[in-house]
Each structure stands twice: as C-alpha cells, then as structure tokens.
Amino acid sequence: MKRFGFIVFGLVFLSACGAGLARRDEPGLKYVDYAGDPVEQIRVMRGVDGWTPVSRNQLVIWTGHNEAWLIKVWDGCVNLSFANAIRVTQTGQTISRFEKVWVENETCPILEMRPVDVARMKADRKAARDTVAKP
Numbered sequence: 215m216k217r218f219g220f221i222v223f224g225l226v227f228l229s230a231c232g233a234g235l236a237r238r239d240e241p242g243l244k245y246v247d248y249a250g251d252p253v254e255q256i257r258v259m260r261g262v263d264g265w266t267p268v269s270r271n272q273l274v275i276w277t278g279h280n281e282a283w284l285i286k287v288w289d290g291c292v293n294l295s296f297a298n299a300i301r302v303t304q305t306g307q308t309i310s311r312f313e314k315v316w317v318e319n320e321t322c323p324i325l326e327m328r329p330v331d332v333a334r335m336k337a338d339r340k341a342a343r344d345t346v347a348k349p
C-alpha cells in the first residue's frame with residue numbers, strides 16, 4: 215500500500231512539474247471570450263502540460279494540445295502574474311473546484327473552472343492573421 219502511495223505522489227508531482235513552463239507567446243488573446251460555462255471538475259489524463267497567466271486571479275492550464283481550461287482563483291493570489299512555475303493539486307486524474315494552485319509559496323484555492331474553446335480561438339486567430347496579411 216505504501217508503494218501505491220509513493221507512485222500516486224510521484225505522478226502528481228511529475229504532472230505538476232510540467233506546469234512550470236508558461237506559454238507567454240500568445241499576447242492579445244482574450245481567453246474569457248472563448249470560455250464556456252463553469253464545470254465542477256476536469257478529467258486530466260496526463261497532467262498539466264503548460265499554463266498561461268491571464269490576470270491577477272486567472273490562469274489558463276493546458277491539459278492537451280487542444281484542451282485548455284480557464285481557472286479563477288482567490289483574489290489573494292498576488293504572485294500569479296509574475297510566477298515562473300505553478301503546481302496544481304489533483305485527486306487521481308481529476309482536478310476539482312476544491313483543489314489549489316500553488317504559486318511559489320502561496321496556496322491559491324480554485325473558485326471556478328471553465329473550458330476554453332481552443333479550436334474556435336485558433337480559427338479566429340488565424341482569420342485575424344489572414345486579414346492583416348492581405349494587402
């Protein structure tokens with residue numbers, strides 16, 4: 215039983231380490247415009263692949279190439295916009311509203327999780343680029 219506990223802890227730790235790389239190469243995107251209705255939990259197969267700070271109390275976590283979630287945390291999470299790495303707690307393969315986002319030494323409880331329509335966001339972004347590229 216102890217071995218199982220160590221394996222689960224190791225998987226959670228490794229998935230959180232993947233969240234250390236922030237995707238900061240997407241300026242101007244308004245994730246809120248592409249966010250759906252709030253959900254109670256997120257099923258995560260491989261953990262968090264990356265993250266993007268959105269505001270003082272919002273971030274987007276990526277759980278796949280085309281799967282992203284807009285996460286809102288308590289307002290007391292003051293270092294979110296400046297963090298180099300985060301860690302998201304999860305129970306098994308599920309992230310629920312009762313989990314937390316660790317930012318440096320801060321614990322930031324999750325208030326809301328909303329799916330991001332990544333396909334629509336990418337299509338709009340491509341259309342905007344194509345419009346600018348045409349003379």
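Position one of the sequence shown corresponds to residue 215 (the numbering used here), numbered consecutively onward. Heads up, the beta-carbon is just placed ideally off N, CA and C, and yes, glycines get one too.
Within 10 angstroms of the beta-carbon of Arg343 lie fewer than 16 other beta-carbons, which makes it exposed. DSSP, read as helix, strand or coil, puts Lys336 in helix. Pro329 is the residue among Phe312, Gly264, Pro329 and Asp263 whose C-alpha sits nearest the C-alpha of Val253. Between Ile256 and the set Thr321, Ala282 and Asn298, the nearest pair of CA atoms involves Ala282. Ala337 and Asp331 have their C-alpha atoms spaced approximately 10 Å apart.
Classified as buried, Met335 has 16 or more neighbouring CB atoms from the shown chains inside 10 Å of its CB. In the DSSP assignment, Ser269 falls within the beta strand (DSSP E) that extends over Gly264 to Ser269. Taking the CA atoms as reference points, His279 sits about 20 Å from Thr303. In terms of CA proximity to Asn271, Thr321 leads the group Thr345, Ile309 and Thr321. In the three-state reduction of the DSSP assignment, Arg301 falls in the strand class. Residue pairing from DSSP places Ser310 in a beta bridge opposite Gln255. With contacts defined by Cβ atoms closer than 7 Å, Val287 and Ile300 do not form a contacting pair. Between Val346 and Tyr245, the alpha-carbon positions lie close to 21 Å from each other.
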